[in-house]
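Terminal number for the sequence shown in the UniProt record's numbering: 154, no gaps in between.
Since the structure comes first, as structure tokens, the remarks are kept for the end.
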Amino acid sequence: MKCYKTTVKRWLERWTETKDLSGRGRPRVTIAEDDQLIVDLVQQDVDEGITSKQVQQELQHQGVNVSLRTVQHGLVEAGFSYSRPLSKPLLSEQHRRYRLLWAQSMKNYDWNKIIISDETTIRLNSVRKCFWQRPGEHNNKVDQGRVKYLSLHN
């Protein structure tokens with residue numbers, strides 16, 4: 001390990017005397033109010049989804065100058081994760097009815113004459129951005145829709 005013996009000795013003495021290791025690491029750049037403002041900005045724009053860069057820019061407009069990494073650390077500490085929007089099938093009730101009718105009409109078809117290839121997923125309005133959200137939460141407005149197509153060859 002690359003550190004001075006005196007540093008190791010000082011920390012060992014502190015630990016044996018007080019069982020306290022506080023004071024290590026870099027001092028915080030933000031105060032509690034700044035941390036709360038970061039969380040509030042993400043929760044305020046939860047319907048649209050907000051990126052770290054957008055949070056940083058909004059903070060700068062309010063006179064709080066922090067790095068992008070500081071914003072990210074603050075959100076992780078608050079229990080947020082940075083992830084892609086939920087991907088779910090984009091089918092209406094009418095689509096489901098049509099698919100069911102088609103499947104029922106093809107029930108007695110001789111499927112030995114057909115080669116079925118793997119399904120292809122086509123994303124409509126693909127969202128490549130990630131958004132801050134709490135685990136277990138998702139936002140329907142930024143969720144991605146996808147349509148699966150089955151390829152049949154005669």
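Backbone N, C-alpha and C define an ideal beta-carbon position, used for all residues, glycine too.
C-alpha distance - residue i paired with residue j, whole-angstrom precision
i, j, result
"Asp20", "Arg14", "7 Å"
"Asn65", "Gln56", "8 Å"
"Gln60", "Gln133", "22 Å"
"Ser67", "His73", "10 Å"
"Arg97", "Leu91", "10 Å"
"Ile31", "Lys2", "32 Å"
"Lys113", "Glu93", "31 Å"
"Lys5", "Thr16", "16 Å"
"Thr18", "Val8", "15 Å"
"Arg28", "Thr70", "9 Å"
"Trp111", "Ser105", "13 Å"
"Glu77", "His95", "43 Å"
"Leu37", "Arg99", "48 Å"
"Phe131", "Ile50", "6 Å"
"Gln44", "Arg26", "30 Å"
"Arg84", "Trp102", "33 Å"
"Glu33", "Glu58", "15 Å"
"Glu116", "Lys53", "This sequence places Ile at residue 116; Glu is not what is there. Rounded to the nearest angstrom, the two C-alpha atoms are 45 Å apart."
Three-state secondary structure assigned by DSSP to residue i
i, result
"Val142", "Only weak support is given to the placement of Val142: the predicted model assigns it a pLDDT of 49, under 50, and the value that follows is read from those uncertain coordinates. Note: Val142 maps to coil in three-state DSSP."
"Tyr4", "coil"
"Val38", "The question names Val, but residue 38 in the sequence shown is Ile. The answer is helix: DSSP assigns Ile38 an H, G or I state."
"Gln56", "helix"
"Thr18", "helix"
"Tyr98", "helix"
"Gln62", "coil"
"Ser105", "helix"
Option nearest residue i by Cα separation, candidates the options
i, options, result
"residue 183", "Ala32, Pro27, Ser81", "In the structure as shown, the chain begins at 1 and stops at 154. Residue 183 is therefore absent and cannot be evaluated."
"Val39", "Leu75, Ile50, Cys130", "Leu75"
"Asp35", "Leu12, Lys107, Ile116, Gly79", "Gly79"
Cβ neighbours of residue i in the same chain (closer than 8 Å, five flanking residues each side left out)
i, result
"Leu12", "none"
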